[in-house]
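Data block below; observations after.
Residue numbers (the working numbering): 37 to 134.
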């Protein structure tokens, strides 16, 4: 009985939380709407920056800025290249030591 009452008490909070939760698809759609360059353009920029091959690229948000995060293989080294998705500028390049 106590468990049932506890569940009934929690139900409104669970419903309210779900009403305000955004799905991953909605958040990704917002990121896509803000991106002014294509994934292909970002991949080309990243590959050219370190003279390598893009092995992974994804769209993400970093400190309120929409960025493409690319992993680029150059020789036997892996680099992380972050590209501003709104104007195509390279924000950061560093070797991935992990």
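Using N, Cα and C, we set each Cβ at its ideal position, and we do this for glycine too. Every value quoted in this text rests on a predicted model; they were computed, and no experiment measured them.
Reference residue i; option with closest CA among the options
{"i": "residue 124", "options": "101, 113, 91", "result": "101"}
{"i": "residue 113", "options": "91, 96, 67", "result": "91"}
Residue i versus residue j: straight-line alpha-carbon distance, rounded
{"i": "residue 79", "j": "residue 106", "result": "7 Å"}
{"i": "residue 111", "j": "residue 134", "result": "16 Å"}
Proximity test, residue i beta-carbon vs the ligand COA heavy atom, cut-off 7 Å
{"i": "residue 112", "result": "Absent from the structure shown: the ligand COA. Ligands present: none."}
Classification of residue i by the beta-carbon crowding that lies within 10 angstroms, buried from 16 upward
{"i": "residue 59", "result": "exposed"}
{"i": "residue 69", "result": "exposed"}
{"i": "residue 103", "result": "buried"}
Sequence-distant residues of its chain with Cβ nearer than 6 Å to residue i (five each side left out)
{"i": "residue 127", "result": "118, 120"}
{"i": "residue 94", "result": "105"}
Any chance the region 65 to 74 sits against the region 84 to 92, with 3 or more Cβ pairs inside 8 Å?
-> no
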